[in-house]
Structure formats: structure tokens, C-alpha cells
Amino acid sequence: MKIEGKVAIVTGGGQGIGERFCIALLEKGANVVIADIKTRQGESLSKQFNQKYGLNRTKFVQCDVTSDADFQNLINYTKSTFGNVDILCNNAGVPEMEQWEKVLNINLNSVIRGTKLAMEAMSTKNGGRGGIIINTASMGGILPMPSGPVYCASKFGVVGFSRSLDTCYESDGIRVNAICPSYAPTSLFEASIDSLVNANQHEEARKMKAIIISIDQVARGMIQLVEDDTKNGAVMRITAAKGIDYQPYRSSKL
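Numbering-wise, numbering that gives the first Met the number 0 puts 158 at position 159 of the sequence shown, and it's gapless, one number per residue.
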């Protein structure tokens with residue numbers, strides 16, 4: 000997909016990887032809707048981006064991704080403001096926490112919710128022009144993660160869900176891919192480190208810090224998935240050891 004002139008939504012776009020996704024898309028010429036639960040942060044970022052990349056190219060919508068009404072409002076606002084939805088980055092997420100159902104609701108259920116709602120808007124069967132959905136998973140969606148089993152389960156779910164939608168291109172003109180970064184220097188990462196330190200798991204914290212990647216690298220991977228029309232149902236890995244590559248899977252399906 001050529002990104003210039005397209006319309007993108009980024010959930011969790013007010014900080015960290017989501018913020019960098021917004022920047023990368025704006026630099027490629029897209030109009031961007033920042034969706035985040037943190038209003039002050041999102042509004043401030045939208046103002047900064049409009050000053051740098053052009054007036055009214057960036058909008059902010061306060062959105063709780065666990066709410067059907069909020070997510071539908073996000074889609075409706077984007078369509079009414081920019082005329083279409085071409086790209087959705089389901090990026091909002093939280094780390095492992097005691098409230099394990101909250102982890103699943105934000106990391107997995109909201110990805111399913113956003114994907115389904117965006118597909119309704121994008122589908123060529125409904126008068127849309129197709130599109131692409133990038134679901135942010137994690138290397139914890141490919142490998143076991145003893146320090147965060149529920150987080151790991153949520154990201155495994157995102158990977159399986161995304162791969163299972165690869166037939167939607169033929170029926171609806173929509174590609175769905177998952178991006179699986181290793182640890183990146185975000186507030187989510189810092190929260191995970193703090194949790195390990197508080198639990199006296201200092202060696203695990205040290206190992207995490209040793210394999211950190213840059214946020215810019217994750218954004219470059221996202222752009223690659225959007226622009227490469229051959230990638231559909233793909234699972235991109237981003238690691239310190241190998242950079243950007245793809246998880247190999249057997250082609251057979253249930």
C-alpha cells in the first residue's frame with residue numbers, strides 16, 4: 000500500500016511505540032488519528048504533530064479500547080473527518096499485572112474488537128476500499144514468558160487471531176499482520192522491569208535489558224508491513240540479535 004494520502008488510526012498512540020507509529024505514518028504522508036485513553040497527552044501530541052506535519056493532518060480521539068461504544072465512535076469519527084479508514088494499528092497494551100482479566104481485555108479482546116469494527120469500515124463488500132490492520136503482539140506471542148504468563152497468553156492470542164484472518168484479503172480487500180517486537184524502551188517495559196525488581200527477580204530484569212531494541216526499529220517494521228502488499232497473515236519478529244525477520248510457520252491449517 001502506498002501510504003501517502005491514506006488515513007490511519009493508531010490506538011495507544013499517545014506514547015511509546017504508538018507515538019512512533021504516528022510519526023512514521025505522518026512522515027510517509029498519511030493523515031493520522033491518535034486514539035488513547037489519556038486525553039491530555041493525546042491532545043498535546045496532536046497539537047505538536049499538526050504544527051510539524053501540517054494543519055489538521057492529525058486528530059485525537061479519547062478512546063477506551065475495552066469499550067465497544069468508544070471504539071465504534073473512533074471509527075465513525077475517522078470516517079466523518081477524513082472520509083475513510085485505510086490503516087489500523089491495534090497497538091494499545093498493558094504489561095503483566097495482578098488484574099489478569101484486564102490484561103486480556105486490553106491486549107487481546109480490544110484487538111479483536113478493533114479489527115472487527117475496522118473491517119466493517121474497510122471491507123470492499125461494504126463500499127470501502129480495503130485496507131490493512133497491524134496488530135501489535137510481542138516476542139512473548141511466539142516464545143514462552145515465565146515472567147508474564149497472562150501477558151504471554153494475550154499476545155499468543157493476537158498472533159493466532161491475526162494469522163487466522165489471512166483469507167480476508169480475497170473476500171474484503173483487507174490484509175492483517177502481527178508485529179512482534181522484543182523489549183523496547185517504553186513505559187510498559189519500565190513497568191515490567193520495576194515489577195521484576197520488586198519481586199527480587201534481578202537476573203530476569205538484567206536479561207530483559209540486555210536484549211532491548213529501539214522504538215524506531217519497531218516503527219520501520221510497521222511501515223514495511225503496510226507497504227509490502229505480499230505480507231498477509233505474516234508475523235514479523237523484531238529482535239536485537241536478528242533485526243527484522245518473519246516467524247516461519249507451516250502452511251497447513253485446521
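Glycine residues also receive a C-beta, built at the ideal position from the N, C-alpha and C atoms.
Item                                                                                                 : Value
Cross-strand partners of Arg236 (DSSP beta bridge)                                                   : Cys179 and Asp244
Neighbour-count burial assignment, Ile210, 16 or more Cβ in a 10 Å radius                            : exposed
Ser213 to Asp193 span [Cα, whole Å]                                                                  : 19 Å
Whole-angstrom distance between Asn125 and Ala91, CA atom to CA atom                                 : 27 Å
Residues bridged to Val9 [DSSP beta-bridge criterion]                                                : Ile33 and Cys88
Counted within 10 angstroms of its Cβ, other Cβ atoms place Ala233 as buried (16 or more) or exposed : buried
Reduced DSSP secondary structure (H/G/I, E/B, other) of Gln200                                       : coil
Separation of Thr80 from Pro145, as counted between CA atoms                                         : 44 Å
Enclosing alpha helix (DSSP H) for Asn72 [first to last residue]                                     : Asp67 to Phe81
Pairwise C-alpha distance: Tyr150 and Trp99                                                          : 8 Å
C-alpha gap between Gly220 and Ile237, whole angstroms                                               : 8 Å
Span separating the alpha-carbon of Glu169 from that of Gly129                                       : 10 Å
With 16 other Cβ atoms within 10 Å as the buried cut-off, status of Val196                           : exposed
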